[in-house]
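The block underneath contains the structure these notes are about, expressed in structure tokens.
In the numbering used here, the protein residues as written are 26 to 125.
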């Protein structure tokens, strides 16, 4: 076991794949730290992480940038957080999209 520090935008799934090499350990990480795998992780939070399972995957992320895939608080093009979703993929027929 080791203690790691969460980086901005990382999720429990990111932590699992980076430090153990197996996303299945996300459940172990959640139990060890008293959190849910879907919890937002604040930057600089310390987490206990199980031992490495897949050394090749861990080595891959040690050589490259580490993923931070928590997109719930993302900003669009450096602007404000995306709260008012618009566009055809969010329109509903007869509500804000007229056919005819």
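Backbone N, C-alpha and C fix where the C-beta goes; we use that ideal spot for every residue, glycine too.
Every value quoted in this text rests on a predicted model; they were computed, and no experiment measured them.
Asked: DSSP beta-bridge partners of residue 30; Found: 71
Asked: Same chain only: Cβ atoms within 8 Å of residue 32, ignoring 5 sequence neighbours per side; Found: 68, 91, 93
Asked: Neighbour-count burial assignment, residue 61, 16 or more Cβ in a 10 Å radius; Found: exposed
Asked: Rounded C-alpha distance that separates residue 81 from residue 30; Found: 21 Å
Asked: Residue 94 (DSSP reduced to helix, strand or coil); Found: coil
Asked: Same chain only: Cβ atoms within 8 Å of residue 28, ignoring 5 sequence neighbours per side; Found: 71, 72, 73, 74
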